[in-house]
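Every position in the sequence shown, counted from 1, becomes a number in the working numbering once 1227 is added.
Even for Gly, the Cβ is constructed at its ideal location relative to N, Cα and C.
Below you'll find the structure, written out as structure tokens, and then a few comments.
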Amino acid sequence: MNLSTGAGSPENGKNGTGHPDRRQAAADHVSPSTSGKVRLRFLGSGDNFGSGGRFQACIHVDTGATRFLMDCGASSLIPMKRAGISTAAIDLILISHLHGDHFGGIPFFILDAQLVSRREAPLVIAGPPGLTQRVREAMEVFYPGSSGVERKFAVRYIEMIEGETTQTGGLTVRPVRVIHGSGDPPYALRIECAGKIIAYSGDTEWTHALLTVADGADLFICESYFFEKQMKNHMNYRTLMAHRAELGCKRIILTHMGNDILNHSDRIELETAYDGMEVIL
Ligand SMILES: [Zn+2]
Ligand SMILES: [Zn+2]
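So this is what it looks like as structure tokens:
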């Protein structure tokens, strides 16, 4: 299967900063009157420890035809409900890797869909190999007996193979292996939807695989746990900026920020996500 990279020529210019006034400008830029094909909302822009009072990773994307989540951290139902997004209104959940702050919300999502929103439409959950078992185990740990009950909706799991495209719900998704210990293969995701390309790093330290993921993307959402501290498994802002000119994406937004980088927000020259931030592509 083909994966189009036809997003025009890459632009490497800076696109805003983490300064609050520019963040506000970015928010104003996506007023409801703006006509765009793909609308993203950062429901959760935080790390695994709630740094800065942020929710865990969860990005809602609405293409008009399909509504999906990129990651579903354990806290995700809370910002979903604050935003008025029902678990019955999500067609697809894409998971980058099997850490609790990225997939731990799925048991709650499924139980809410069963008992609260009373979903009937099938739900697709796509992620790395191991996804089906890890979700089943998580459900059994949190709510024993919950993984095998009869529901009015089917859940279909897709365990994506690295480097191969998966087509589902009108999306073309290509998972690319990154560097992050999570028990099963961790992925960055390259998602083509409604003629746009969204690249998402998941969690990873720097790897040249990100150049492939982000090439020609309309938006590259990249984790940046630290400002300049070099740690295994996670990105820091300085390293990302050292590779900025090589990244052929139109726009970068940082997410999954820990205390270290949040404490350096006045020195960040890239856009930074915040809970509730909306972006239209
Ligand atoms: Zn992780
Ligand atoms: Zn994480």
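Whose C-beta lies closer than 8 Å to the C-beta of residue i among residues of the same chain, with five residues either side of it excluded?
| i | result |
| --- | --- |
| aspartate 1274 | Arg1281, Gln1283, Asp1328, Tyr1452, His1483, Met1484 and Gly1485 |
| alanine 1310 | Arg1268, Leu1270, His1287 and Gly1503 |
| leucine 1304 | Thr1314, Gly1332, Phe1335, Phe1336 and Asp1339 |
| isoleucine 1388 | Pro1356 and Pro1402 |
| glutamate 1473 | Leu1438 |
| glycine 1390 | Arg1401, Pro1402, Val1403 and Arg1404 |
Pull up the distance between the alpha-carbon of residue i and that of residue j, whole angstroms please.
| i | j | result |
| --- | --- | --- |
| alanine 1348 | glutamate 1496 | 43 Å |
| leucine 1325 | proline 1413 | 7 Å |
| asparagine 1460 | alanine 1421 | 32 Å |
| histidine 1222 | alanine 1381 | Residue 1222 falls outside the range modelled here, since the chain spans only 1228 to 1508, and no answer is possible. |
| isoleucine 1312 | leucine 1489 | 28 Å |
| alanine 1441 | alanine 1426 | 5 Å |
| phenylalanine 1336 | alanine 1353 | 14 Å |
| glutamine 1457 | leucine 1467 | 11 Å |
| arginine 1383 | leucine 1358 | 11 Å |
| arginine 1294 | glycine 1397 | 10 Å |
| glutamate 1419 | leucine 1342 | 32 Å |
| isoleucine 1480 | lysine 1379 | 38 Å |
| valine 1351 | leucine 1319 | 5 Å |
| cysteine 1476 | cysteine 1285 | 21 Å |
| leucine 1321 | serine 1278 | 23 Å |
| arginine 1417 | arginine 1363 | 26 Å |
| threonine 1395 | glutamine 1360 | 21 Å |
| aspartate 1289 | glutamate 1505 | 11 Å |
| phenylalanine 1369 | aspartate 1298 | 19 Å |
| alanine 1436 | histidine 1491 | 27 Å |
| alanine 1415 | serine 1344 | 30 Å |
| serine 1323 | asparagine 1463 | 19 Å |
| glycine 1443 | glutamate 1450 | 18 Å |
| arginine 1465 | phenylalanine 1330 | 28 Å |
| arginine 1346 | tryptophan 1433 | 39 Å |
Going by the C-beta, is residue i closer than 8 Å to any heavy atom of ligand 2?
| i | result |
| --- | --- |
| histidine 1329 | yes |
| alanine 1284 | yes |
| glutamate 1450 | yes |
| aspartate 1502 | no |
| aspartate 1274 | yes |
| histidine 1483 | yes |
Assign residue i to one of two classes, buried (16 or more other C-beta atoms within 10 Å of its C-beta) or exposed (fewer than that).
| i | result |
| --- | --- |
| glutamate 1498 | buried |
| methionine 1307 | buried |
| leucine 1296 | buried |
| alanine 1301 | buried |
| arginine 1266 | buried |
| phenylalanine 1447 | buried |
| phenylalanine 1276 | exposed |
| lysine 1423 | buried |
| glycine 1429 | buried |
| glutamate 1377 | exposed |
| aspartate 1255 | Only weak support is given to the placement of aspartate 1255: the predicted model assigns it a pLDDT of 40, under 50, and the value that follows is read from those uncertain coordinates. Exposed, because fewer than 16 other Cβ atoms sit within 10 Å of the Cβ of aspartate 1255. |
Can you list, in chain order, the residues of its chain whose CB lies under 6 Å from that of residue i, leaving out five sequence neighbours each side?
| i | result |
| --- | --- |
| methionine 1366 | Pro1334, Ser1373 and Ser1374 |
| threonine 1431 | Val1405, Ile1406 and His1407 |
| aspartate 1445 | Ala1234, Lys1423, Ile1424, Lys1477 and Leu1508 |
| tyrosine 1501 | Ser1272 |
| serine 1409 | His1324, Leu1325 and His1326 |
Going by beta carbon distance, what residues of the same chain come within less than 7 Å of residue i, once the five residues before and after it are set aside?
| i | result |
| --- | --- |
| proline 1356 | Glu1386, Asp1411 and Pro1412 |
| aspartate 1487 | Phe1453, Phe1454 and Lys1456 |
| glycine 1291 | Lys1264 and Ala1421 |
| isoleucine 1317 | Arg1294, Phe1295 and Leu1296 |
Requested in this report: For ligand 1, enumerate in chain order all residues having a CB closer than 5 Å to any of its heavy atoms.
Outcome: Here the list is His1326 and Asp1430.
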